[in-house]
Each structure stands twice: as structure tokens, then as C-alpha cells.
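Residue 0 is where the sequence shown starts when you use numbering that gives the first Met the number 0, and the numbers rise one by one after that. All C-beta atoms in this analysis are idealised placements derived from N, C-alpha and C, irrespective of residue type, glycine included. Notes follow once the structure below has been shown.
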Amino acid sequence: MNYIDDVVDIRIPIGEEERMSSEYDDGSLAISAPVSTNNLKKLRGVHGEILRLHHMGVKSGEIAKTVGKCEGTVNYTIQSVPGQERLRELQLLSDNDSVEIAKKLRKIAPEAVDMMKSIMLDEVEDEHVSVPTRLRAAESLLDRGGWGKVTKSNITIKDDSQIVEEIKARAVEPLSFLN
């Protein structure tokens, strides 16, 4: 049953402009949705702070308290087109920074290993920094570079031989390169 027998013009007021509906080939009508006049067009200082805090993982309610705005304004800023674009830029910057830091850590890691070796062999010549401090710095640097110290973990699971065999297989995998 077709409720629209004739072509009908439906006009939806949008501020000073109006959009008209259009008729598709099958006779159905498409109505243009009104465009909100409150769209965020330009980011200001408070918007940048909202987006920066959101990028750091702060919840909307906390952001609202921090910047002195309502939570709706915070969410609206985050979901706006310029807000989403800025968040993408912030993510790219973070990714680039992470890559650069990783490169620097990899570059200096051999020096940390040399430092640990000299401490181990009691070849430390520079006495203005204590040996434990230098050792902690070297260990920290290696941890951040992805070469953390080996940790022992005790896990209790129900007795299931299949799970135990999978764990044993995974435990041996990293050592397979030694053969």
C-alpha cells in the first residue's frame, strides 16, 4: 500500500536555508536531514585542552570538572569533526614519539649492557655515581627497551593435562632459537 500517491515537496527549515526532498526512481522520497547550526567549526583553547585530556585517557566527567564545562560540552567537542581530526593528529604524534623513543633506547641499550658488564667484573672507574645507582639506571633502560629482567610467575590452575601441555610447549618456544 502506497501512502504517497503524488510527488510531495517536503521542506525542512534550517536557519535561513531550506532543503527540499527528492524523489528516487522507485517513487520513494528522501528527506534531507536538517544540519545543526551548532556544529563546532573552530577549535579554541578550551577545546584543545578537552581533546588533550581525552587523548590521555581521562574520563569525560573528570575533563568537565577540570575545564569547568558541562559533560555534554566535553562529549560534543570530542565527537565533533574538528575534534576527531585533532584526536587523530594527537594519536599520530604519540605514535611517532613512541617510535623515536624506541629507536633511542635501542641505540643506547648496548651501553647499558656494557655498564652492567663493567659493574659485574668490578671494572667501575667513575666513582662519582654509586654502583647501585648505575646498575638501576642500566636495568631501567633495558626494561624500557624491551629487554626486561626475567620474572618468575606462579600460577594455579585446575588440573587439565591439555592446558599443562600447551603451557610447556609455549615455555620451550622462545628457547628453540638456541638449538
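Contact set for residue i: own chain, Cβ-Cβ below 7 Å, skip 5 residues either direction
i      : result
Cys69  : Ala63
Arg133 : Met114 and Ile118
Thr150 : none
Where the alpha helix (DSSP H) containing residue i begins and where it ends
i      : result
Glu48  : Gly44 to His54
Ile154 : Taken as a continuous stretch (DSSP letters only), Ile154 belongs to no alpha helix (DSSP H), as it is neither H nor E.
Val130 : Val130 to Arg143
Glu122 : Segment: none, Glu122 is in no alpha helix (DSSP H) and carries neither H nor E.
Glu70  : Glu70 to Gln78
Gly60  : Ser59 to Val66
Beta-carbon contacts of residue i that lie in its chain and below 6 Å, excluding the five residues immediately before and after
i      : result
Pro81  : Leu39 and Leu42
Leu104 : Arg143 and Gly144
Ile77  : His53
Rounded Cβ spacing between residue i and residue j (contact assumed at less than 8 Å)
i     : j     : result
Leu89 : Leu50 : 7 Å
Ser59 : Val73 : 5 Å
Glu48 : Val66 : 6 Å
Specify whether the stretch 138-145 and the stretch 109-116 touch according to this definition: at least 3 beta carbon pairs, one from each stretch, less than 8 Å apart. yes
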